[in-house]
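Residue numbers (the numbering used here): 382 to 572.
Where a beta carbon is used, it is the ideal one built from N, C-alpha and C, also for glycine.
Nothing here was measured: the structure is a model prediction, and the numbers come from that model.
Just below is one structure, and these are the notes that go with it.
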């Protein structure tokens, strides 16, 4: 776990909490890693209010960077990197932002920093980006194989984002509905 919060906006004391089934599946995924690398969870739960702020901030940034886009195009573009609060996975406790670390705690080369958007990473944030090194591609493959073996699905615009039981997971898996809805932060037990 990355307790520094250096790469996330959330200041919630619950930022590393996840649904029990999600945590259990992460343990299963860990058994699919080769000796050496380990998971490092950067963020799990995110309060709805923080999700709204992140979405609004990204939308404002896009308005400045892409003035040629109409409102509908801006909303679509913003939704590729920050989920609109109504469908956001992190407020459900069913999504994890995760990377790999070595035995010393150093992050493995994944091709771009966690939480880099498509503009700042020149597209390297996309899970299947061709613009990354062979080593980064191998590390992403290792992460993907372990997470998929445990039933997680990846959001392809963010190599680090994995879900189990949220709306995105349900859509990808063909489930009739999500297993989990958003949780208001006030209902969580103190950290």
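Residue i, buried or exposed, once every other Cβ within 10 Å from all chains shown has been counted against 16
i: residue 485; result: exposed
i: residue 568; result: exposed
i: residue 548; result: buried
i: residue 492; result: buried
i: residue 478; result: buried
i: residue 397; result: buried
i: residue 446; result: exposed
i: residue 554; result: exposed
i: residue 401; result: exposed
Secondary structure of residue i, DSSP reduced to three states
i: residue 513; result: coil
i: residue 386; result: Summary for residue 386: the model assigns pLDDT 49, below 50, so the residue's position carries little reliability; its value from the coordinates is reported in the next sentence. Reduced to three states, the DSSP call for residue 386 is coil.
i: residue 445; result: helix
i: residue 453; result: helix
N-terminal and C-terminal residue of the beta strand (DSSP E) that residue i is part of
i: residue 423; result: 419 to 424
Contact check, residue i vs residue j, beta carbons under 9 Å
i: residue 546; j: residue 469; result: no
i: residue 497; j: residue 505; result: yes
i: residue 508; j: residue 460; result: no
ask   = Taking contact to mean at least 3 C-beta pairs separated by less than 8 Å, is the stretch 398 to 417 in contact with the stretch 523 to 541?
value = The stretch 398 to 417 vs the stretch 523 to 541: in contact.
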